[in-house]
Structure formats: C-alpha cells, structure tokens
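Engineer:
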Amino acid sequence: MSIGRSTRLWIACVIGTSAVAAIATINGQSAPSRPATAPATPSPGIGAPSAIRRAPAAAAASAARQRALLDQYCVTCHNDRLKTANLSLAQLDPAAAGDHPEVWEKVVRKLRAGVMPPPDIKRPPLAEYEGLRDYLEAAIDRKAAAHVNPGSVVLHRLNRTEYANVIRDLLDLEIDVTTLLPSDDSARGFDNIAGSLTISPTLLEAYTTAAARVARTAVGYWRSPTESTYLAPGDTSQNQHLEGLPFGTRGGMLVRHNFPADGEYKFSIQNFGIGSFIPGEQLELAIDGERAHLFKYQGVGTSQGMSGEGDGSLDVTIPVKAGSRMVGATFVATNYRPSLDTVKQYDRKSLENNSIPQLQYYPAIGFLRIQGPFTPQRPTDSRSIRKVFTCRPSSGPGTKTVQAKAVQEETCAESILATLARRAYRRPATARDREALMTFYEEGRRAGTFEDGIELALRRLLASPQFLVRTEREPANLPMGRAYRISDLELASRLSFFLWSSIPDDALITVASQGRLSNPLVLQQQVRRMLADPRSDALVSNFGAQLLYLRNLKATSPDGVFYPDWDDELRQGFRRETELFFDSIIREDRDVVDLLTADYTFLNERLARHYGVPNIYGAHFRRVTLGPDLDYRRGLLGKGSFLAVTWTQNFRTSPVKRGVWVLENILGTPPPEPPPNVPALEDAAGGSVKSLTLREQMTVHRKNQPCAGCHKLMDPIGFALDNFDADGRWRTRQGGDGGTPIDASVALFDGQPVTGPSGLRQALLRYSPQFVRMVTEKMMTYALGRGVEDSDMPVLRSIVRDAAREHNRFSSIVMGIVKSAPFQMRVKANES
Amino acid sequence: MFITRKHIPRRTFLRGAGVTLALPLLESMVPAFTPQRLSAASPVRRFVGIWHPHGAAPGYWSPLKEGKDFDFSFITKPLEPFRDRTVLITGLDMPEAMATDDEPGGDHARGAVLLSGARPRRNAVSPALGVTIDQTIAKKYGQDTILSSIQLGVEDTGNFGNCNWGYSCAYTNSISWSSPTQPLPTEVNPRVAFERLFGDGTSAEERLAGRQQNASILDAVTRELHILKNDLGAGDRARLDTYLENIRELERRIKIAMGNSVKEPNVDIPFGLPESKHVHFRLMYDLMALAFQGDITRSATFMLGRDLSGTSFPESGFNGGWHGSSHHGDKPENVANYAKMNRYHVQNLAYFCDLLQKTADGDGTLLDHVLIYKGSNMGNSHRHAHEKVPVILVGGIDGTFKGNRHIVFPDNTQRTSNLLLAILHRFGIEQDKIGTSTGPLPAIEPLPIT
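For the record, the sequence lines run as chains A and B. Be aware that the first sequence starts at 1, since it is given in the working numbering, and climbs by one per residue. Be aware that the second sequence starts at 1, since it is given in the working numbering, and climbs by one per residue.
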C-alpha cells in the first residue's frame, strides 16, 4: 500500500483516562488499497496505532511541590556543582519535563525501579515518591502527544536464526545454519537489531554459497560425498536415557541430518569406553526412530572399535533415502550398573583406571559422523520436493511432442517459481520477478533436466537481496520528518518476523495483499492465529532465550572440582526448564508477572534430583507444582538457568553478577560498567582473603569508594540469593557440610529487610509494574528490530497501561506493540 | 609429490606455480578489499606450524655439536639435504604447558601452547588461550589470498576425548587460535581440505561451471539492487550501495578464479580418512605444497596426531602405539624404538621440504620463502617433562634466514614463547610480547637495522 501525498498524521489528544491518539488518513485521499472500514475517526480499537495515552492524572500535585521534592531529596547530589552521574536537576522545571526527555526518562526509570535515592539516603514518603514519578511521566507524555515520532528501522537483513526458519518454511528443509552463515552481532540484548546486521563481502559470499547448497539440498542432489561431524559436548555424562531416543537405551546422541541424495552413507560413531568392561554392551544406530544397525561388542578391544589407548570408532555403511532425518546413536541399556561416582565422561576418562575392577563406567559417544552419499541417486521424494514441486510437467496429456513438453515444463516451472517468489519475497510475485527467475530456470534446463532448471532458479532466488533483506518503501513526495503508515504487506512481514522469526504464510500474505491487514479486527484475528501456530515457538526459542540469557548457558561450566555434579545433561535441563516455563506463560496467556512468582516449574529426573524433588522419573519434562517447601524455586529467581549463567568464577557464586542480572532484567536499570582499573577482590581486601567469607570480602570491597555506589545496590540482592550455589543447588553452608553458614539476610536498596530468595522475590514484587515495563521494552526492541529510545517511552507506557487492564497477559502486550505507532508507521528520515 | 604421482603429471602444477589458482566461494574467505601484492623485492613469506605430541626420545634428538656444520642426530638426519635451510634448537622450555601446584595434571591437555606461548585457562567449556602466531602471520600476509590460513590434522578431533583435568578439549583439538577464545577447527579429511582450498565440486570443470553460475547470479543481483534502490529512503539507499560494493568485490574474486580455473589440479582425492597414516601424512603435505604453490594460503598448521594418540607407524620400522611407546621407561631398547618413530615424522617433513624446494618461487624456491616450525609440548615425554623440547625450523622466511645451525641454550634460561616472538619479528610483525614471553630469542631475532 502506498501512501499518498495528502496522508497526514492526525493526533487526538483528549485529556482523561481514555485519552487516545491514533493515526488515520485524513483529507479524504486514503491509499487505494485501504479498506473502507479503516477508522475515519480516532478510536481506541486495535489496529489503529495507538500513539499515546495519558496516564490518569496523578494526585493533583503542583509543579512547585515536585520542585520542592527534587530540591529536598535529589539536588544534594545532582546539582550543578557535583553533577553526580553527570546529572544536575537543580535548574530543570519538572512541569516542562517533556522538553528534556533525555534527562527525565532516566529519572523516571530510577524511580520506577526504586533504586534512587541511594541506600542510606533519606527518601520521601512512598505516596510522594510515586507522585513525583507519575507527575514526571504525565508531563513527558503530554508533550509527546503533540508530536508523534514512530521512529524508523533501517533495512533489515535476515539473521542466522531467521534464515534457518525461513528455509524451513519456504522449502520444508531443516538446515544446520551454523555451518553456512557466520554468527550475527547482538545489540540491546538481541541479534535481530537492524542497525547491527551489517553486510560484508564475507557475509554475501556465505549467503551465495548457502544459496547453492540449500537449493541443491532441497531440490537437486549431491553427486559428491559430504561430511558432517556432530560432537558431544565436553561435559556430557550419557548415564541416562535421553528424550527422543528409544526407551530402554542409555546416553548417546540425537541429531537432525540432511541426507542430500538417495545413496549409501557411512556412519562413524566414536565410542569412548576406556575403563569399561561392561559385558554384552550394544550400541544402536537409529534413523527416524527405526533401528538401522546394532553394534555388539564386549568391553575394550581393537576389533570392537576401541584400543587400549585410543578410542576407535564403530563404522557402518547403509543405504538411506534423501531427506531430513533424526539420527540417533545410543547404548542399549543393560542391567549392569557400574559405579556412578563419577558422572562426567571426561572425569571418568581422566582417571585412566581401567585396571581397577570396581571402578567401571558406562561408555559414551564422542561424535557421530555421517559421510555420503556414495553411489548417489537423484531423490524422487522428500519433504522439500513435495513442498517445492507443486506441479509436474509430465503429468498431463498432450506431452507427445517435444514442443508441447517444453511448453508444459515452462508453465509448470513458472507456477512453481511464482509460488516460491511470493513466499520468499513476502508479496505477490511480479512479472519482473517471474522473468528474472525463468531466465535462470532456462539456463539450468538447457544444461540438464527440469529439476536442474528449478534448482538454478531457486539458487538465484535465495541469493536475491529481496529475499535476504527486508525493505520498506518510502514515499518519495512526503516531506522529511513526516510519519506515514507502512503498507499492509510490510506490516505482514513485521508481524511474522516478530511472532515467528520467519516469513508470512500464504494466509497472511493473502490478507495483506487484499489490504485488509490494517483493519483492526483482521489484525487482531491474525495475531491470535499466529500466536496459536507452532511457529510462534520462536517467541520462546529466539526471544525468550535471548531475554533470559539462555544462550549463555552453552558457555556456562562451573569447575568440575567444586561442582562435580555439573554436566551437559544438567545444562540442557536448565535450558529446557526455563523454555517450558516461558512457553507456559505464552500458551496459557498468563500475567507476565507470573514469571517472577509462578508456583510451578518443569522437571525431569535429572533436574529433579539436582533440585532435591523426589518421585520424578524419566527423561521427559513434566509440570511440577512447587509447594511451600520448594517456595524458593518459584519464578525465575529459583531457576537453575538464571542461577548458573550468573557465575563469574568457576568455583563460587557471584552475588555481584546476580545483583546485576536482577537490576537489569527485573528492574530494568542496568548498573554502569565498572570503572577501569578496579582492584580485584584480593587487592581491595589488602592481602590474603582466605580467612574471610565471600560476604566479608565483599564488605571490604564495598568500602572502596568508586565501587560503593553500585555495589550497594547489587550486592544485597546477590547475597539474598546466596543459598543457591553456582550450579543452582540449594545450600545452607558455603564450602560444604563443615563450611560457614550462609547469611542471606540483607537490607535491600530501598531499605526493605529481606531474608533468602523467597524474601527477595516478595520484596521485588513491589516493583512488578516496572518488571512489566522491562518485559515490554525488551519485547518492543525485539519486535521493531531497533533500540527503544526515550521518544518511544510515552508509547511504551500506554501499552503497559492498557496491558495492566488485561492483567498483563502476554497477548495483551503483544497486541499493544502490534497496534502501536512504532510498529505500524515510519518517519521519513532526513538525508544522512 | 604424492597426489601428482598418482593422478596428474608434474608439469601441470608447474604451469600454475606462483599464481592464484582458484577462487571458489568459500565460507571462510577473508574480506579482501585492498589487495596488496607483495613485490618481487619483498617475497611472499609463508608459515607452517607443525605440532606433534609426546616429545622426542632423549639422547636421539640433539646433535652433539653446537653451531654450524653439526652432525645431524639420528632423529633429525632426514633433514640433512636441507641443511642450509635448517635450524635446530636445544634447551628451550615450555613453562606454559607445565603443571603447577594450583593446576596439577593436565600435561596432555595443553598442546595448544605451541604457537600461542600462553597458558590455557583451565575450564572445560569456555576455553581461553591467546592468538597463535600462524594467525597473526595470516592477518598480515593472508589478506589477498583465498584462505587466510588452513588448519590440517590426521587424527579425529573427538570433542571430549582425553581432555582431562578440567581442560577444554579445544586445547588438544586445535593449535590455531584466531582470538584468545576462538580455536579454529582442524580438518582431517583430505578431500574436505582440498575442497576448502579449491572449491566444491567433483571436478575442475564442475567447479568452473559453479563459478560461472555464481557470476551470472551476481550480475543479476546487481541489476536487481539498482531497481530496488528506487523506492527506498536515503539511509537505506546508502546501505544498498554498500551491498553493491560488496557484490562487486565478490565478482572481482570470481573473475580471478575463473581466469585461473584451467590451471587447477584435476586430481582425484579419495573421500574420507585414508586407512594408512603414511598416505594420510603425505596427502596433507601435498595439499599444503599445492596451496602455497597456487598462493591460495600463506599460513598453515598441521597436527601430526593428538595428545595421548595410540596410533602406530609401521613405516618407521617400529610398530608400537605413540603414547605407550613414549613412556619408554628410559630403558635403552625402548628409547631406541621410540627414536625410530620420531625420525619417521622428520622423514615426512623432509618429503614436504623436498616438494617446496622443487617449486620455484620468485628468485628462489618455496623453501626459501617459508618458515616451518615443528615442535612439541614435551621433551622427554616419559617424564612428562615440558623442558628441553625439540625445536626444528626449516626455511628461509624471506630468503635471509640462515640455516645450518644447531643453537643450544643453557638449561632453564629460555622458553619457546620467546622463539615465537622472534619469529613474529622475522615476519616483520612488531609485537612486544606473546603469551608469557620475556623477550625475543637471541640468534633467531633479526638484527636491528643500524
């Protein structure tokens, strides 16, 4: 949809609780595709981008009263002379807060999180404290309502995760994207920020190579063998049954692999078994859950794939049909129960004690390698082939003559390519698109078969900038700085990349190309449909995983000497627990504050054992209610994933990192980076720290002036959580049974006395509105693919206020973002 | 040459010598915006780092005589034909690989010290080491080659075999690190290594066809970008201009590649790991020689095995497993057997030197314009001693590095990280320190220009 010259931004600002500002096309000339049902007058309905809503007027507080509060409680430090934190509030008029959002938004944020004034400094009574905050917000919002700035996103290239999802949806093909594309830079906590997704020759080269490989894998075939090696993580245990592998098996690996042609494939499984003389051991190779081969062997022996010093590999070559398949390699569980004293494979191995009979361990799989195809044949069927070849030239009558056949092929090719182009370019295919792709089809067809033609055209399509980059048109004849609505098709792309991290599906493109998507009711319907679709898992695996630092788990590994129970199975368990927890908030459309408080979690046997929860058996995760005895596990603060990613040293917890995490991810006020040349713990303490507890050491550290300001905020939070060890296990003493008792009683930054994780959780609930804002801000960052700026805060506040009326349900925040001006509009940027 | 003897006549290579052979679209290509060909006056310098586990048999490695015209020892004897380009060093320690009170054990887990001179962080999942010299050299000399560097090996880098004492396997899997936290994967499959060097495809013709298709795709993409620009805002138009520039750079690389495609070796390298380690070693040396010859890369690493390897080498005249044989118990007959295995690896090195010496490069040969550093993180590995490690240097670097030397340092005075520092200086890279170095190694360090 294009926007005409006369399109105007129309702002209604009505003072009162239902105040609303919406855009609509005024002056008659709405764009041709705009449906007649588009709101002609501002209404609070969904779909009309809600720019700003004013908050309820705070207690009728005068500017003079606010000024007095500032003078009494803030200006002692934030004055023109001291300029603490480079901020002076001495001269600014709170009534005109909207003139300086860059200053006052900072103030509001600190007040929202309750972290100012600092600990030990006197605070006003709570009502006045909140009154000042509301007053400032209202002043900023009032000013912003007069001038909407939805911001602009620069062109957005697919990042690695999106590329993989798009290929899945376009070609029904699962690819290991890490082997094709370099990783993307993150900014503002996410790796889908348009401005950070730069373009380089190396990257374009990777895209071009990927285009060839993906096209070949999907519709062509590999004539020469390829090799893929899947490695087990360094600290895997493989003592237990793994989810997804057959029952009655133990350990092993499960990977998704693309077999690029029908043919023979060689499977090599590196089998670590030093120290094991387990009788009757059997290793099973399974493809798509079916046993493909069974290796039988007896303890150590070169003929069985192992040697006295090295671990050999067990090899087998078998025919496999092309396509994406789950390949598992696992041990058939025997009744034999060797010692489990040492769980980790590499610990077992480093003991090198195969001569001690009572120390016998389960073997483990080190890697699974798949080579092939050998003697390849063009595949006749696969999920991708079914998805792509929507017609076949040979199917109809009238193919007798060569000419007729050629015509039929061409018709079919055009239909296939138009369908692909529509999905890949996220809009109906144009004549020019068809022509461009057909040129390559013909080139490929000339050199080979019909399928070769499609393959080359697909390769061309996947190398197209229109596929790789999301662009949004800018009306040429609009004045600079003017806001305008994006087209329905562009909106469809924004929507699908937000909710699915992928391209729109046919239904969404259809609705958008009919110009109906901007209709509020249709938009709401589509959002509900998309949230219910399995593709919205991306909100967990992509948004949630970045929001909750789950990607950092991969590099989390407490020292095995201090944390012998840590292994990859535990790491995966932590990840899965938090994923399922976040998923439940989305699926059950819960209050996002439940993320802090919910009285349930998801456990399997491995994780339950670690948490000390009895009667949970098996590898699959199930919902478990956390009773009063497990109160400390409720919400994110009790989750192993959070507790584990906040270690700093390998051998102890990091109260500081935990404090930082809470400040940033619950209160939305990340502390600044530590100043340079901060003395290490030991130096600050002046010599040996061995005799001091961690808490005593930190007290010394806190006396150090440059550090004290922030550590007073961070440390108490962290110490309240110190009952959780670095591996997330509950403890009452530091340093084992004979160690020092944990003292988890602290005074929080706002003066609240708190004991232990449960107490901290309760105390933080006072700031749950700020938590909702934080979640909304992060979700908006992710949805827009750009940083949320001060100019967006009025809109953000209005989204949060609306969501509060719907109990902060997950979908209410999603909906609020989708219907907001920043999501539906752009500003025509100045030449830069 | 192993590959050529089997598959193509030698002159096929010579025709391609000294020019860029191929320019496939490889994922790991470096951004090469500003090619800076080195002039004939300043020849291309190349580096090969070769690592092997388990040190060398005591008494069989060090030549008896110090200085020039020494008599080669039993182990180093195969290098005699290249005496003028060979430097042997006795008496260097590798303290970064040693166990300490705080970090006991792990003697077999710190192989990557070789080219980093840094002590590995003891951590199983988040390894940290230092940038290795092959990478520093690649950064300086690999900017206008297809691959800035290549990492080869012959033994599978099982991710978690043998990485004990809490050390990440990264330190045993790779001796080449592009950043302190980024080990580069070691390629053991000769065919995969070949395709990395020369491109995808079963034959030179197929590779050429693939490049032609890429060229026409990029050509079409260029036209598409021009049309796409019309509807966009100023900022996005500028971004598409960057896109266009990058496409042009790709086109430039492809044109060079297509121009040279005819000169590519059309060899049939078997897929998968050769049954014979002997064949495997020589295939990998062949590939390195080919890569240098075509100026496809200027920096390579090669791991002759893995720590704790049990591989045996029948061609050495002794058939014991590597790690087991290295624990010779200081018994004379065991030590003598172990020396045969050590010598075998020097024989293979001599094979490589021979390939390089036979290939003309500028005013000399490839051997004149390379530095090969072969070393290990142990000396007498029966005792897990990280002192007096065997150091072999072969090659003239820029033609001026003098061979025919056996340099001896008194015990406990010098460390290998100082050697690394001096090597960097020899490559014209001004760096004050690498890992735990204390100062550039005398006798290797270039003389100051007066």
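We put the beta carbon where it would ideally sit given N, CA and C, even for glycine.
I'd like the list of long-range same chain contacts for A/D172, defined as Cβ closer than 6 Å, with 5 residues on each side in sequence excluded.
Structural biologist: Excluding positions up to five away in sequence, the list reads R383, S384, K387.
Engineer: Evaluate A/V818 with the Cβ neighbour count: other Cβ atoms within 10 Å of its Cβ, from every protein chain shown; 16 or more gives buried, anything less gives exposed.
Structural biologist: buried
Engineer: Could you tell me the alpha carbon to alpha carbon distance between A/R459 and A/A418, rounded to whole angstroms?
Structural biologist: 14 Å
Engineer: Against chain B, which members of the stretch 190 to 209 of chain A pass a CB distance test of less than 9 Å?
Structural biologist: T198, I199, S200, P201, T202, L203, L204, E205, A206, T208, T209
Engineer: Look at A/P741 and A/T755 and say whether their C-beta atoms are less than 8 Å apart.
Structural biologist: no
Engineer: Can you tell me whether A/L155 is helix, strand or coil according to DSSP?
Structural biologist: coil
Engineer: Taking contact to mean 3 or more Cβ pairs, one atom from each stretch, closer than 8 Å, check whether the stretch 87 to 106 of chain B and the stretch 386 to 396 of chain B are in contact.
Structural biologist: yes
Engineer: Is there a Cβ of chain B sitting closer than 8 Å to that of A/Q752, yes or no?
Structural biologist: For A/Q752, not one C-beta of chain B is nearer than 8 Å to its own C-beta.
Engineer: With a threshold of 8 Å between beta-carbons, can A/A555 be considered close to chain B, or not?
Structural biologist: Chain B, which has a Cβ nearer than 8 Å to the Cβ of A/A555, makes this yes.
Engineer: Select from A/A545, A/G738, A/L764, A/P520 the residue whose C-alpha is nearest the C-alpha of A/G635.
Structural biologist: A/L764
Engineer: A/D533 and A/S811 look like a contact to me (Cβ under 8 Å); what is the Cβ gap, rounded to whole Å?
Structural biologist: Not confirmed; about 13 Å, so no contact.
Engineer: Mind checking if B/E224 is an interface residue toward chain A, Cβ cutoff 8 Å exclusive?
Structural biologist: yes
Engineer: Between B/R239 and chain A, is there a C-beta pair that is closer than 8 Å?
Structural biologist: yes
Engineer: Please determine if the stretch 244 to 252 of chain A and the stretch 320 to 335 of chain A are in contact, where contact requires at least 3 C-beta pairs separated by less than 8 Å.
Structural biologist: Enough Cβ pairs lie closer than 8 Å, so yes.
Engineer: Have a look at A/E290 and A/E442 and give me their C-alpha separation to the nearest angstrom.
Structural biologist: Each residue's Cα considered, the two are about 41 Å apart.
Engineer: What's the call for A/I586, buried or exposed, on a 16-neighbour Cβ count within 10 Å?
Structural biologist: buried
Engineer: Alpha carbon to alpha carbon, how far is A/F621 from A/L667? Give it in angstroms, no decimals.
Structural biologist: 30 Å
Engineer: To be precise: take each residue of the stretch 456 to 472 of chain A, compare its Cβ to all Cβ atoms of chain B, and keep it if any distance is under 7 Å. Which residues remain?
Structural biologist: L456, R459, R460, A463, S464, P465, Q466, T471
Engineer: If the cut is a Cβ gap below 7 Å, which residues of chain A does B/T242 touch?
Structural biologist: Per Cβ cutoff of 7 Å: I199.
Engineer: Tell me, which residues are paired with B/W177 by DSSP?
Structural biologist: B/P183
Engineer: How would you list, in chain order, the residues of chain B whose beta-carbon sits under 9 Å from the beta-carbon of A/Q371?
Structural biologist: N189, F271, G272
Engineer: Is the shortest distance between the beta-carbon of A/L626 and the beta-carbons of chain B less than 8 Å?
Structural biologist: Not one chain B Cβ lies under 8 Å of A/L626.
Engineer: What would DSSP say about A/K106, mapped onto helix, strand or coil?
Structural biologist: helix
Engineer: Return no unless some Cβ of chain A is closer than 8 Å to the Cβ of B/N451.
Structural biologist: One cannot answer for residue 451 of chain B here, as it falls past the ends of chain B, which runs 1 to 450.
Engineer: As a quick exercise: from B/L356, B/Y373, B/P58, pick the residue whose alpha carbon is nearest that of B/T365.
Structural biologist: B/L356
Engineer: Is there at least one Cβ from chain B nearer than 8 Å to A/E569's Cβ?
Structural biologist: Output row for A/E569: interface = no.
Engineer: Scan the stretch 591 to 621 of chain A for residues whose Cβ lies nearer than 7 Å to a Cβ of chain B and list them as they occur along the chain.
Structural biologist: none
Engineer: Please identify the residue among A/P118, A/G114, A/D120 whose C-alpha is closest to the C-alpha of A/A127.
Structural biologist: The residue with the shortest Cα to Cα distance from A/A127 is A/G114.
Engineer: To which residues of the same chain is B/H384 closer than 7 Å at the C-beta, ignoring the five residues directly before and after it?
Structural biologist: D107, M378
Engineer: A/Q282 bridges to which residues according to DSSP?
Structural biologist: A/K296, A/V332
Engineer: Quick one: give me the first and last residue of the beta strand (DSSP E) that B/H406 is part of.
Structural biologist: Annotation for B/H406: the continuous beta strand (DSSP E) segment containing it runs 405 to 408.
Engineer: What does the alpha-carbon distance come out to for the pair B/D307 and B/H382?
Structural biologist: 13 Å
Engineer: Identify whether A/G366 lies in helix, strand or coil by the three-state DSSP scheme.
Structural biologist: strand
Engineer: With burial defined as no fewer than 16 other Cβ atoms inside 10 Å of the residue's Cβ, what is the status of B/D200: buried or exposed?
Structural biologist: buried
Engineer: Cβ atoms of A/S641 and A/L508: under 8 Å apart, would you say?
Structural biologist: no
Engineer: Can you tell me where the alpha helix (DSSP H) with A/P822 in it begins and where it stops?
Structural biologist: Note, A/P822: alpha helix (DSSP H), 821 to 824.
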